[in-house]
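In what follows, a structure is listed as structure tokens, so that the remarks can point back to it.
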Amino acid sequence: VMAGARLLTPILPGSLRDFLAFEDHVQRGSARRNEPVPDAWYEMPIYYKGNHRSVYGPEDKIPWPPYTEELDFELEVGCVLGGRGRDLGPEDAEALILGYTLMNDWSARDIQRKEMAVRLGPAKGKDFATSLGPCLVTADELDPGAVRLEARIDGETWARGELGAMHWTFPQMIAHV
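Be aware that the sequence shown starts at 13, since it is given in the numbering used here, and climbs by one per residue.
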């Protein structure tokens with residue numbers, strides 16, 4: 013390791029899509045509003061467009077937005093495409109996957125709740141930061157269905173999950189976009 017070196021984001025994406033891929037996240041959001049899980053979630057992958065100009069590396073400090081009291085994170089995996097496509101099926105979409113990287117979707121939860129209540133969010137509650145990295149693992153090196161994730165802060169586990177529990181596969185989500 014070189015003195016003074018630090019890890020940067022492995023990629024600066026030209027666009028960013030963030031999908032709702034885990035049923036328990038949908039159920040928790042619906043439970044807060046006392047609503048059933050929307051049928052649309054089972055019919056197609058749901059996503060929002062993230063801000064690809066606010067990407068941070070694994071060692072970057074994330075600025076706390078002055079408009080939120082409730083900064084939160086979501087432990088995720090980013091799927092990086094190595095080509096372009098249009099009107100693809102899942103098989104063709106899978107061929108575009110270059111690799112995967114860790115992703116942290118930062119959230120201003122108090123702002124996000126207000127945005128979602130009027131059915132236009134997320135926007136400002138998610139627009140300020142996404143962390144990527146520290147590395148990019150090529151698609152041939154990783155079986156996403158076998159990935160287990162764990163986020164620790166000061167040695168304490170704050171989040172864990174398994175990509176095998178996703179309702180939609182990466183190729184299905186890419187084909188939908």
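Cβ coordinates follow ideal geometry from the N, Cα and C atoms, glycine included. Just so we're clear, the structure is a prediction, and the values are computed from it rather than from any experiment.
Quiz item: Ends of the beta strand (DSSP E) at D117?
Solution: Taken as a continuous stretch (DSSP letters only), the beta strand (DSSP E) holding D117 covers 109-117.
Quiz item: Going along the chain, which unbroken runs of the beta strand (DSSP E) with 3 or more residues stay wholly within the segment 49-78?
Solution: The beta strand (DSSP E) runs lying completely inside the segment 49-78 and spanning 3 residues or more are 58-61, given in chain order.
Quiz item: Where does I123 sit, in a helix, a strand or coil, going by DSSP?
Solution: helix
Self-check item: Element boundaries [beta strand (DSSP E), containing A171]
Solution: 168-174
Quiz prompt | Other residues of its chain near Q124: CB distance less than 8 Å, five sequence neighbours each side excluded | solution = G133, P134, G137, K138
Quiz item: Can you name, in chain order, every residue of its own chain whose Cβ lies under 7 Å from the Cβ of D30, other than the five neighbours on each side?
Solution: These residues qualify, in order along the chain: Y59, Y60, G62, D117.
Self-check item: E153, buried or exposed, once every other Cβ within 10 Å from all chains shown has been counted against 16
Solution: Answer is exposed; the Cβ neighbour count stays below 16.
Quiz item: Would you report the Cα separation of P78 and A129, rounded to the nearest angstrom?
Solution: 21 Å
Practice problem: Would you mind sorting P57 into buried or exposed? The rule is 16 or more other CB atoms within 10 Å of its CB. | Solution: buried
Quiz prompt | Beta bridge counterpart(s) of A163 as assigned by DSSP | solution = DSSP lists A171 as the beta-bridge partner residues of A163.
Quiz item: Is the beta carbon of R18 less than 7 Å from the beta carbon of E71?
Solution: yes
Quiz item: Hey, how far is the Cα of V67 from the Cα of A33?
Solution: 21 Å
Exercise. To the nearest angstrom, report how far apart F140 and G157 are at their CA atoms.
Key: Their Cα atoms are separated by approximately 29 Å.
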